[in-house]
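Below is one structure, written out as structure tokens; the observations come after it.
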Amino acid sequence: MIKNHEIKRIKQTAANKKTYYFLMQLDKNVRCKNTSDFQGGDKDGYWYNTKIKDKTIGVDMKKERSIFWKVNKIYFIER
Numbered sequence: 001m002i003k004n005h006e007i008k009r010i011k012q013t014a015a016n017k018k019t020y021y022f023l024m025q026l027d028k029n030v031r032c033k034n035t036s037d038f039q040g041g042d043k044d045g046y047w048y049n050t051k052i053k054d055k056t057i058g059v060d061m062k063k064e065r066s067i068f069w070k071v072n073k074i075y076f077i078e079r
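With the UniProt record's numbering, the residue at position 44 of the sequence shown is 44, and numbering never jumps.
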């Protein structure tokens, strides 16, 4: 969604305005780094952490069908 600058999708998944503006300002070539293994979850999704431009980001994902994943929410993780 960042690479294709999908404004509608970014707005839907950003947890708040701060996260939305951060994601909108990213260069389309930016990549996630140091993505964690599965951090937990429930019936509504699975939690992961990743780094984007030295910021720790939480990503909630949901498995749709057997092999497809959907990003539900993206948010900052304060340290």
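Glycine included, C-beta positions come from ideal geometry on N, C-alpha and C.
Predicted model, so just to flag it, every value in this text is computed and none were measured.
Can you tell me where the beta strand (DSSP E) holding residue i begins and where it ends?
i, result
"Lys55", "Lys55 to Glu64"
"Thr50", "Gly45 to Ile52"
When you compare each of the options to residue i by their alpha carbons, which one comes out closest?
i, options, result
"Ile52", "Ile77, Arg9, Asn16 and Gly40", "Ile77"
"Gln25", "Ile67, Ile7 and Lys62", "Ile7"
"Gly41", "Ile10, Asp54, Arg9 and Gly58", "Gly58"
"Phe38", "Lys55, Met61, Thr19 and Thr56", "Met61"
Using the Cβ count rule (16 or more neighbours within 10 Å means buried), how would you classify residue i?
i, result
"Ile67", "exposed"
"Tyr21", "exposed"
Under 8 Å by Cβ, that's how I've got residue i and residue j pegged, so tell me the actual separation to the nearest angstrom.
i, j, result
"Gly45", "Asn72", "5 Å"
Name the two residues that bound the continuous alpha helix (DSSP H) containing residue i.
i, result
"Lys18", "Lys17 to Met24"
"Ile74", "First-last for Ile74: Phe68 to Phe76, but that is the beta strand (DSSP E), not the alpha helix (DSSP H)."
"Thr13", "Ile7 to Thr13"
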